[in-house]
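Notes for the one structure printed next.
Number of protein chains: 2
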Amino acid sequence: MTSYTNIRGGIGVDLWITEYQTADLGLSCRIKETLFSGKSEFQDIAVVDSHEFGRMLVLDGVFQTSVFDEYIYHEMIAHVPLCTHPEPKKVLVIGGGDGGTVREVVKHRSVNSVKMVEIDGLVVDVSKKFLPEISIALRENHPKLDLTIGDGIQHMHDAESEYDVIIVDCSDPIGPGEGLFTYQFYKDVYKALKPDGLFVQQTESPFYHQSLIKRLYKDISALFPITQVYLASIPLYPGGLHCFTMGSKKYRPQDEPVQEIPDGMKYFNPAVYQACLNLPEFIQKILVSNS
Amino acid sequence: MTSYTNIRGGIGVDLWITEYQTADLGLSCRIKETLFSGKSEFQDIAVVDSHEFGRMLVLDGVFQTSVFDEYIYHEMIAHVPLCTHPEPKKVLVIGGGDGGTVREVVKHRSVNSVKMVEIDGLVVDVSKKFLPEISIALRENHPKLDLTIGDGIQHMHDAESEYDVIIVDCSDPIGPGEGLFTYQFYKDVYKALKPDGLFVQQTESPFYHQSLIKRLYKDISALFPITQVYLASIPLYPGGLHCFTMGSKKYRPQDEPVQEIPDGMKYFNPAVYQACLNLPEFIQKILVSNS
């Protein structure tokens with residue numbers, strides 16, 4: 000939930016937006032103005048320009064991405080799986096309507112094609128207009144990119160042995176993202192991957208969503224021989240620490256040498272690739288506990 | 000700066016405390032009640048009981064530590080240096096009035112004595128009363144511990160070749176902690192260490208205090224042959240990512256095998272010991288840039 004005032008900032012106007020990350024915890028950003036506020040078939044969409052985070056995309060009141068720190072999330076959801084697979088050619092991105100993930104994916108030389116399936120066309124349109132740095136691959140119709148506005152769950156259900164890498168760049172497991180956090184979906188992901196394929200999904204905060212992380216880890220482990228949680232520090236998200244879960248049919252991130260890393264990384268590098276897999280004690284315990 | 004209401008919570012009272020982490024960014028916690036609010040010779044001191052973080056110590060309006068996540072800061076400021084030194088016997092802690100750091104330090108079997116010099120006796124008294132889990136070593140007058148209420152800067156100035164490990168567990172570089180972030184202080188730290196000694200200091204957020212981190216890294220590098228920044232994810236602090244800087248005369252954290260790690264760690268483990276040294280690209284760039 001978010002509270003904000005849809006007033007264009009002016010002299011003497013002190014405008015703040017607050018995301019209630021939990022019922023008892025709020026992150027507030029002073030903003031210059033609300034650039035967009037609307038409602039799609041699926042969700043409330045807003046773009047605000049904040050002093051600390053720059054422009055921010057807000058969906059159903061939840062801060063999704065910001066110009067200040069988006070590189071962390073997008074580099075980590077894209078380059079960790081793409082450096083784990085020795086030669087990712089065909090990639091599928093589910094969600095990721097702001098375009099940041101596909102912007103990173105197309106940087107890999109081995110990648111020939113990226114199919115992106117985003118359910119909400121208005122998120123794409125708004126991102127193209129108000130978040131030009133993030134949505135650059137969408138704006139420029141990158142030649143590797145094939146964008147479909149449609150249902151990722153249905154697309155996954157229909158695909159078979161098609162992709163080297165699948166990236167599930169979804170919002171929270173409430174609203175349109177809900178069906179992407181189910182065992183049935185992971186069964187379809189497994190089927191949609193080639194025999195040596197792997198996938199990654201954003202899986203929320205290890206401080207505030209422990210039961211979700213535990214359930215997903217169990218579901219994914221039941222299907223994939225290799226399951227790996229990894230971490231990234233993202234100031235915009237609850238607790239500042241975010242986790243991703245990888246299911247892989249063959250390749251283990253620890254075992255693979257780092258592939259050629261594209262230029263211009265701001266967070267990801269070979270040291271981070273190793274470090275992000277090394278989990279603090281309390282996270283290891285969440286994953287192995289039986290309760 | 001913090002805004003809060005000094006009312007004991009009751010039915011219908013919605014009480015929040017907000018730390019303005021920067022002028023444009025606020026972290027707000029819903030609280031049950033304010034347990035203590037007072038003023039020492041050095042600073043404003045408060046303890047609030049929050050829903051999300053449990054009891055929190057607040058100094059001059061800045062969230063210092065919470066029962067929810069204090070283990071991360073205290074394990075990381077204590078065990079990284081103590082596992083880097085092959086046999087730390089004599090340890091000095093500057094600051095750390097809540098007692099969490101010395102609670103961790105005394106767990107190491109090789110440590111014979113811990114001198115703690117805290118400038119503000121009221122922080123110690125308040126922590127002993129309201130933060131019993133954190134201040135346990137202070138409350139029980141742990142036999143390894145020698146607590147002095149006094150000026151850490153003066154103590155450092157007077158000490159010579161005395162300590163194996165020094166831990167500077169200070170508050171922000173504004174107010175009583177200011178003199179602990181200076182080149183002169185690090186010269187004294189160098190002098191106070193044995194010929195193979197090392198020290199660690201908390202050095203704020205890599206997202207929001209980059210010029211400070213850069214200056215300290217330069218100052219410490221000018222004195223110590225080995226300087227190492229390392230990271231920990233701490234939800235209570237700005238951006239959720241916190242950095243520590245180590246200056247060492249002889250031992251490199253990467254080179255040393257992990258010493259016996261005390262039982263009961265919730266964050267630190269051998270994997271984290273390695274991972275915390277691997278810095279994201281933007282932090283590496285802060286440290287090496289000449290600007």
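So the protein sequences, as listed, match chains S and H. If you read the first sequence in numbering that gives the first Met the number 0, its first letter stands for residue 0, the second for the next number, and so on. If you read the second sequence in numbering that gives the first Met the number 0, its first letter stands for residue 0, the second for the next number, and so on. C-beta: ideal position from N, C-alpha, C; glycine also.
The beta carbon of P234 of chain S is closer than 7 Å to those of D68 in its chain, skipping five residues each way along the sequence. Under the three-state reduction of DSSP output, S27 of chain H falls in the strand class. Residue pairing by DSSP places C242 of chain S opposite S:L230 in a beta bridge.
Of H:N277, H:Y272, H:K265, H:D43, the smallest CA-CA separation from A270 of chain S is found for H:N277. A direct Cα-Cα distance of roughly 15 Å separates Q258 of chain S from L197 of chain S. Inter-residue distance for V46 of chain S and I165 of chain H is about 47 Å (C-alpha atoms, whole angstroms). DSSP, reduced to helix, strand and coil, places I135 of chain H within a helical segment of the structure shown. For the stretch 41 to 60 of chain S, residues whose beta-carbon sits nearer than 9 Å to a beta-carbon of chain H comprise S49, H50, E51, F52. Excluding five sequence positions before and after Q200 of chain S, the CB atoms of its chain that fall closer than 6 Å to its own CB belong to V167, T244, given in chain order. For Y162 of chain H, the enclosing beta strand (DSSP E) starts and ends at 162 to 168. Judged by beta-carbon spacing, K213 of chain S lies beyond the 8 Å limit of I133 of chain S, meaning their Cβ atoms are not closer than that value. Contact with chain S is found for D23 of chain H, since one of that chain's Cβ atoms lies less than 8 Å from the residue's Cβ. Here D218 of chain H is buried. Its C-beta has 16 or more other C-beta atoms within 10 Å. The beta carbon of D119 of chain S lies closer than 7 Å to those of S39, F41, Q42, G96, P175 in the same chain, with the five residues before and after it left out.
Of the candidates H:D48, H:S126, H:A191, the residue whose Cα lies closest to the Cα of K89 of chain H is H:A191. In summary, A77 of chain H is buried, with 16 or more beta-carbon neighbours lying within 10 Å of its beta-carbon over all protein chains present. With a threshold of 8 Å between beta carbons, V66 of chain S makes no contact with chain H. Taken in chain order, the members of the stretch 197 to 214 of chain H whose beta-carbon sits within less than 7 Å of a beta-carbon on chain S are F206. I44 of chain S and A231 of chain S have their C-alpha atoms roughly 25 Å apart. Counting of Cβ neighbours within 10 angstroms places E51 of chain S among the buried residues, the total reaching 16 or more. Listed in chain order, the non-local C-beta contacts of P261 of chain H below 7 Å within the same chain comprise K106, H107, local neighbours out to five positions each way being set aside. Residue state for G60 of chain H is assigned as coil, using DSSP reduced to three classes.
Cα atoms of Q227 of chain S and C169 of chain S: separation of roughly 18 Å, rounded to the nearest angstrom. Under the 8 Å criterion on CB atoms, P279 of chain H is classed as interfacial with respect to chain S. Y266 of chain H and P205 of chain S have their C-alpha atoms roughly 12 Å apart.
For a Cβ distance threshold of 9 Å, nothing in chain H lies close to L286 of chain S: the least Cβ distance comes to about 13 Å. Residues of the stretch 252 to 279 of chain H with a C-beta less than 9 Å from any C-beta of chain S: M264, K265, Y266, F267, N268, P269, A270, V271, Y272, Q273, A274, C275, L276, N277, L278, P279, listed in chain order.
From the beta-carbon of R102 of chain H, no residue of chain S is found nearer than 9 Å; the closest lies around 17 Å away. In this structure, the alpha-carbon of Y162 of chain H lies about 29 Å from that of S65 of chain H.
Comparing alpha-carbon positions, the option among H:E117, H:L179, H:P87 lying closest to V104 of chain H turns out to be H:P87. Rounded to the nearest whole angstrom, the C-alpha separation of I225 of chain S and R54 of chain S is 37 Å. Rounded to the nearest whole angstrom, the C-alpha separation of T181 of chain H and D48 of chain S is 37 Å. Pairing M115 of chain H with L146 of chain H gives a Cβ-Cβ distance under 8 Å. For a Cβ distance threshold of 7 Å, residue set S232, P234, G238, G239, L240 of chain H lies close to G239 of chain S, ordered along the chain.
When the five nearest sequence neighbours on each side are left out, the beta carbons in the same chain lying within less than 7 Å of the beta carbon of K248 of chain H are those of L192, P194, D195, G196, L197, F223, P224, in order along the chain. In the DSSP assignment, no residue is bridged to F267 of chain H.
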